[in-house]
Amino acid sequence: MGGVWSDTFGFVKGLVYGPHMMKPKGEHPSAFRMNNGVPAVVLLTRDTIQYAFNPETYEKDPYSFGPGGVSKDVVRGHCPSMFSNDEDHRRKKALLIDVYKRGQKTLPSVFFSQIKEHLEEWSRLEDVPDFEERVFHIMSETLTEALFGRKIDGELCFTWLNGLLTDFKTWIPIPSMSRKRRLAIEALPALLKAIKEAPKYQELVQLCHTHGVEVEEGIFTILYGTLFNGCAAQCAAIVSSVARLHTLSDTEKNDIIQTTLQVLEKHGGVSEESLGEMKTLESFILEVLRLHPPVFNFWCLARKDLVISPEKENIKVCKGERMVGCCFWAQRDESVFPDPDRFRWNRFLDEDKQGGQKKHLFFPRGSWTEAPDLDSHQCPGQDIGFFMMKALLAVLLGYCSWELTAAPMWSDKTIRVGNPDDPVRLARFNFRSEQAGRALGIRPDNIAPNAI
Numbered sequence: 001m002g003g004v005w006s007d008t009f010g011f012v013k014g015l016v017y018g019p020h021m022m023k024p025k026g027e028h029p030s031a032f033r034m035n036n037g038v039p040a041v042v043l044l045t046r047d048t049i050q051y052a053f054n055p056e057t058y059e060k061d062p063y064s065f066g067p068g069g070v071s072k073d074v075v076r077g078h079c080p081s082m083f084s085n086d087e088d089h090r091r092k093k094a095l096l097i098d099v100y101k102r103g104q105k106t107l108p109s110v111f112f113s114q115i116k117e118h119l120e121e122w123s124r125l126e127d128v129p130d131f132e133e134r135v136f137h138i139m140s141e142t143l144t145e146a147l148f149g150r151k152i153d154g155e156l157c158f159t160w161l162n163g164l165l166t167d168f169k170t171w172i173p174i175p176s177m178s179r180k181r182r183l184a185i186e187a188l189p190a191l192l193k194a195i196k197e198a199p200k201y202q203e204l205v206q207l208c209h210t211h212g213v214e215v216e217e218g219i220f221t222i223l224y225g226t227l228f229n230g231c232a233a234q235c236a237a238i239v240s241s242v243a244r245l246h247t248l249s250d251t252e253k254n255d256i257i258q259t260t261l262q263v264l265e266k267h268g269g270v271s272e273e274s275l276g277e278m279k280t281l282e283s284f285i286l287e288v289l290r291l292h293p294p295v296f297n298f299w300c301l302a303r304k305d306l307v308i309s310p311e312k313e314n315i316k317v318c319k320g321e322r323m324v325g326c327c328f329w330a331q332r333d334e335s336v337f338p339d340p341d342r343f344r345w346n347r348f349l350d351e352d353k354q355g356g357q358k359k360h361l362f363f364p365r366g367s368w369t370e371a372p373d374l375d376s377h378q379c380p381g382q383d384i385g386f387f388m389m390k391a392l393l394a395v396l397l398g399y400c401s402w403e404l405t406a407a408p409m410w411s412d413k414t415i416r417v418g419n420p421d422d423p424v425r426l427a428r429f430n431f432r433s434e435q436a437g438r439a440l441g442i443r444p445d446n447i448a449p450n451a452i
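If you're matching positions, the sequence shown starts at 1 in full-length UniProt numbering and goes up one per residue.
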């Protein structure tokens, strides 16, 4: 299945058809071999995808997303936690868990201030053509301030992020990727300087020493986990959520908005308690993440010889052979999700009657209902990410109104990370700043927002 021509054909086909090339001729296999740029065993259901989650059956291929990968130059040769294995991975993940735990102490107050500041800026514009990038700025400036003690310019973070995934296994020249990689490398000195001058830098240095991680490698592990795994995924989910609201009926949208407002009024604003009670909003977000996961494919290598037993015939997988767990299709498994291709915003409202579908959501690189541990590659910041998505959407629904420039359409292009085919742009944006400020616990002088 390998070879330069089959790899190139598979790469191009993957770009054009995305995850839909994994369902050949309308068939619905659980696992099979294919080439979408590199030969791999594809795992498509809730059962077979477990081979890409069980630490005993897989290991990571450093820097690799199958046919693409992270440019080593952009991370100065340091391998992030998500691409590491065994003890190296455990040290780096333990570092991330500690860093995120400490950052959570100031995260709510920092985030609420950033929300208000950015949304006020949006409301002063005639339109918001760069909506997607502006959402990223909210997330990145919040997390960098919470983790480093000072916010780092969102444009600087975005430039570095854009140059990460630029190493493709193809002879086809891609000039745009070369340019993004060059700009990211040029942005690195300023980015690292900002981190070293931040108030929490010495605290992070000590945490690196505590976990046996070299300092620069630790900083890149934190940067990658925060900006790529964190901010980029959160941004994709927020953008898809705003687009998905456009596809709902007025009655459906009103149900989500009114139930969110009722909870905000009951608790006097946005808080850990009020967000926990927003079950309607939570169901909506989870359905967005089910149908439009920010990451379609989880790439790995077989740790040992395996026999995968789908419904038709056994598939023998050799040690070191590439596997890919397809979250896109596993979260459309008909044995779990009735009418899986339909967006149902209330799908997760009654888990008892629905048979616990949440545990079959795999977008964090493991079951949504299971906590990440040091052996798995499941996202260590999933609780922080969901809190931020939920809080920002609660404010958007409760205190904002907007109009899209065009109706969103999805053909599931991999490069759009779950978002509609064309960038989501706003023709107008209105923000009830005073009401939102009260809900966020921010005084009119913008001093000392209430922490949760």
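Think of the CB as a built atom: it goes at the ideal place given N, C-alpha and C, for glycine as much as any other residue. Just so you know, these numbers come straight off a predicted model, no measurement behind them.
Under the three-state reduction of DSSP output, Ala-31 falls in the strand class.
The alpha carbon of Ala-40 has as its nearest neighbour, out of Asp-339, Ile-185 and Gly-10, the alpha carbon of Gly-10. Bridge pairing for Pro-340: absent [DSSP].
If you draw a straight line from the Cα of Arg-438 to the Cα of Ser-271, it is about 12 angstroms long. Around the beta carbon of Arg-124, fewer than 16 other beta carbons sit within 10 angstroms, so the residue counts as exposed.
Residue pairing by DSSP places Leu-301 opposite Glu-59 and Arg-322 in a beta bridge. Secondary structure at Gly-230: helix, using DSSP grouped into helix, strand and coil. Leaving aside the five residues that flank Gln-382 on each side, the residues in its chain whose CB is nearer than 6 angstroms to its CB run, in chain order, Pro-364. In this structure, DSSP gives Gly-212 a state outside helix and strand, which the three-state scheme calls coil.
In this structure Asp-333 is buried. Its beta-carbon is surrounded by 16 or more other beta-carbon atoms within 10 angstroms. When C-beta atoms of the region 113–132 are compared with those of the region 88–103, fewer than three pairs fall below 8 angstroms, so the two segments do not count as touching. Per the coordinates, the alpha-carbon of Val-205 lies some 6 angstroms from the alpha-carbon of Val-215. For a cut-off of 8 angstroms, the C-beta gap from Leu-440 to Gly-269 is around 6 angstroms, short enough to register as a contact.
By the Cβ neighbour-count rule, Ala-371 is exposed, with fewer than 16 other Cβ atoms within 10 Å of its own. Here the alpha carbon of Asn-229 sits roughly 8 angstroms from the alpha carbon of Cys-379. Beta-bridge analysis with DSSP links Lys-316 to Val-307. Within the region 102–180, the complete alpha helix (DSSP H) runs of at least 4 residues fall at 107–123, 131–148 and 154–162. Within a 10 Å sphere around the beta-carbon of Lys-304 sit fewer than 16 other beta-carbons, which makes this residue exposed. For Arg-428, the enclosing beta strand (DSSP E) stretches over residues 426–431. Taking C-beta atoms as the reference points, Trp-368 and Leu-361 count as a pair closer than 8 angstroms. Bounds of any alpha helix (DSSP H) do not take in Val-295, whose DSSP letter is neither H nor E. Using a Cβ distance threshold of 8 angstroms, Cys-327 and Val-295 count as a contacting pair.
The shortest C-alpha to C-alpha distance from Ser-376 to any of Asp-86, Gly-356 and Leu-245 is the one to Asp-86. The closest CA to that of Tyr-224, considering only Ala-406, Leu-191, Glu-197 and His-20, is found on Leu-191.
Bridge pairing for Leu-245: absent [DSSP]. For Arg-102, the closest alpha carbon among the candidates Arg-90, Pro-80, Gly-212 and Glu-145 is that of Glu-145. Each residue's CA atom was taken as its position, placing Ser-433 and Val-239 some 21 angstroms apart. Between Ala-184 and Ile-152, the gap from beta carbon to beta carbon reaches 8 angstroms or more. Counting every other CB atom within 10 Å of its CB across the protein chains shown gives His-89 a total of 16 or more, marking it as buried.
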